[in-house]
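Trainee:
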Amino acid sequence: MVVHPSQVLSTQTQQSSTPASLTNEQMLAIVWETMKHLTDRRRFERYQAVALMLQRVHYAEIGGIIRRSVTTVCKYIQTYRAGGLPALDLQHSPGRPHRLTEEQEQQVASVVTFKTPQDVGFPANMNWTSPLVRDYIKDTFEVTYSDRGTRGLLYRLGFSCTRPTYTLAKADPAKQAAFRAEFEVVKQQLIDGHIDRILFEDESMIGDYQATYRTWFPKGQQKQIPTYGKHWGDKLLGILDYETGEVYCEHEEQYTAVEFLRFLNTVVARYAGEKLVIVLDNARIHHAKLIQPFSKNIGIT
């Protein structure tokens, strides 16, 4: 009796749990027909092992063909004999159950996003590292994670390890907008040749910035740490030429009006004979009484 593969396949669908009810030839026809439509490599591999077994190929040879151990081949065949071809289909594995509840995970995400380690009782530290997150989870929920497991949790919650940036805690959007409008006027003066240079002056310090270390934060975002400009470190005074990008700076032991005035005189001498506009921020030394006579002789804004 000759059985068409499509007919056998229909029969097998109804009797898939009893492959022994069909002859080897019928089952082989079913397997070959099914394999024509498989796109999953691992599923194809299991069906291939069964097909070879139905052709009475030794298990060791099957293992060599599909590049699996004899133990794995035996497992495939046993699965097939117990449940037919459907038993060979790969089932989705839900993986390990989450160790924290959904509410606990959201609490971890909220704490890492909106609070610093110091805010929740850790020693002075601005940034979240995976060991600190691990310790927070253990202290709060009495659940122990490995460092690798903590990183996996953070990745799953949508975090990445990035470097934070500082942002002005007292920035005034209205004043910022006013400055941008005024600066457009100054730029036009530069374009028209009424002034020779626009110089941005500022002070900088090489200090101990904890926030320069990486921290965990939601992917695609950068943590911002309010700063008031009070840090210890080495001090520099410098200017940036708006048009050329040239930078000039000098080292000082401290920031006072005396050092600032000395630096301004150096700048004027550096660009002798040119009309300068020097843009400053609102630092106290920029408005000191010692500076006032100088400000009247040069365009400082």
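Oh and the sequence shown: position 294 is 277 in my numbering, straight run, nothing missing.
Ideal placement from N, C-alpha and C gives every residue a C-beta, glycine not left out.
Check the C-beta distance from R253 over to Y225 and give it rounded, since I have them as a contact under 8 Å.
Mentor: At roughly 15 Å, the Cβ-Cβ gap does not stay under 8 Å, so R253 and Y225 are not in contact.
Trainee: Measure the alpha-carbon distance for I208 versus F277 and round it to whole angstroms.
Mentor: 36 Å
Trainee: Can you name, in chain order, every residue of its own chain whose Cβ lies under 8 Å from the Cβ of T133, other than the five neighbours on each side?
Mentor: Only S113, P114, V116, R117 and I120 meet the Cβ criterion.
Trainee: Alpha carbon to alpha carbon, how far is Y128 from G135?
Mentor: Between Y128 and G135, the C-alpha separation is close to 10 Å.
Trainee: Can you look up S52 in the DSSP assignment and give me helix, strand or coil?
Mentor: coil
Trainee: Between the alpha carbons of R180 and V260, how many angstroms are there, rounded?
Mentor: 6 Å
Trainee: Using 10 angstroms around the beta-carbon of Y174, count the other beta-carbons present and answer buried if the total reaches 16, otherwise exposed.
Mentor: Looking at the sequence provided, one finds Ile at residue 174 rather than Tyr. The residue is exposed, with fewer than 16 neighbouring Cβ atoms inside 10 Å.
Trainee: As an exercise, report each continuous alpha helix (DSSP H) stretch of at least 4 residues that is fully enclosed by the region 60 to 102, in chain order.
Mentor: 85 to 97
Trainee: Less than 7 Å between the beta carbons of H92 and L140, yes or no?
Mentor: According to the sequence displayed, residue 92 carries Ala and not His. Their beta carbons are under 7 Å apart, which means A92 touches L140 by this criterion.
Trainee: Checking 7 Å against the spacing of the C-beta atoms, do M36 and I60 come in under that value?
Mentor: With a cutoff of 7 Å on beta-carbon distance, M36 and I60 are scored as near each other.
Trainee: Please confirm whether V56 and Y42 have their CB atoms less than 7 Å apart.
Mentor: yes
Trainee: Does the region 100 to 112 come within contact of the region 158 to 178, defined as at least 3 CB pairs closer than 8 Å?
Mentor: no
Trainee: Give me the Cα-Cα distance between V95 and T148, rounded to the nearest whole angstrom.
Mentor: 16 Å
Trainee: Taking the DSSP output, what are the residues bridged to D224?
Mentor: L182
Trainee: Roughly how many whole angstroms lie between the Cα atoms of L244 and L263?
Mentor: C-alpha separation (whole angstroms): 13 Å.
Trainee: Rounded to a whole number of angstroms, what is the C-alpha to C-alpha distance between T22 and T54?
Mentor: 25 Å
Trainee: Would L220 and E186 qualify as a contact pair, given that the criterion is a beta-carbon distance under 7 Å?
Mentor: yes
Trainee: Are the beta-carbon atoms of T150 and F200 separated by less than 7 Å?
Mentor: no
Trainee: For the beta strand (DSSP E) that contains W199, what are its first and last residues?
Mentor: T198 to P201 is the span of the beta strand (DSSP E), which, as asked, contains W199.
Trainee: Run through DSSP, which three-state label would E233 get?
Mentor: Under the three-state reduction of DSSP, E233 is assigned to strand.
Trainee: Which of the three DSSP states, helix, strand or coil, is assigned to M36?
Mentor: helix
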